[in-house]
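If you're matching positions, the sequence shown starts at 1 in the UniProt record's numbering and goes up one per residue. In this text, a Cβ means the ideal position worked out from N, Cα and C, and glycines have one as well. None of these values were measured; they are calculated from a predicted model. One structure is given here, and the rest of the page talks about it.
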Amino acid sequence: MEHPSACGRAIVLETERLLLRPWRVSEAVVQHEMWTERDPRVPPHRRIGADGRPTVEDVEDWIRSRSESDFLGLPAAELKGSGDVIGYCGLIENTHGRENEPELAFELLRRAWGQGYATEASWAVLGWAQASGYRRLWATVRDWNAASRGVLAKLGFIQTDRVEPDEVHGDSLFMTKQL
């Protein structure tokens, strides 16, 4: 991984094949496509609803509302050679009561699956997190999501004893990694 750089105040991470950088409004269609591709077992609040929301316009508004900060967030994952955005990878606030221990989150368009991009992007994020002083990261993953569990295993995340049972959407497994 190359060192993070600043684009204005925004954080940009670079790997051999990817740039992790802020989303552009014109890329809302990519985020919307990810919403449409999500597995039916994903909880409804993370899928396109019966009302068609979020729409591309909703996603555009979300991108416009994001302010640049010193926190990584969920930057777009752009292929360096083509400039195509294939998903996101970054850190989100840990909502499970662990201050200063954010969660790693990634999602790619289906056409980008199986090519090592999630692992590559995640290594860049882990490097940034460590350089930024974080000591531990978390990740939650549904038990049925073998691909994401595989990425987390490659990164050295270990499963904890914490599991949130969910008979409808699949149990959420809590994983952690010391940096």
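For residue 6, which of helix, strand or coil comes out of DSSP? Residue placement at residue 6 cannot be trusted, given a pLDDT of 43 that sits under 50; the coordinates are not used to answer.
Alpha carbon to alpha carbon, how far is residue 174 from residue 25? Give it in angstroms, no decimals. 32 Å
Closest to residue 160 by C-alpha separation, out of 51, 39, 141 and 28, would be which residue? 141
On the three-state DSSP scale, how would you describe residue 164? strand
Bridge partners of residue 179, per DSSP? Answer by DSSP bridge pairing: none, since residue 179 is not bridged.
Along the chain, where does the alpha helix (DSSP H) that runs through residue 85 open and close? In this chain, residue 85 is not harboured by any alpha helix (DSSP H); it is covered by the beta strand (DSSP E) spanning 85-92.
I'd like to confirm the pairing. Which residues does DSSP put opposite residue 159 in its beta bridges? 175
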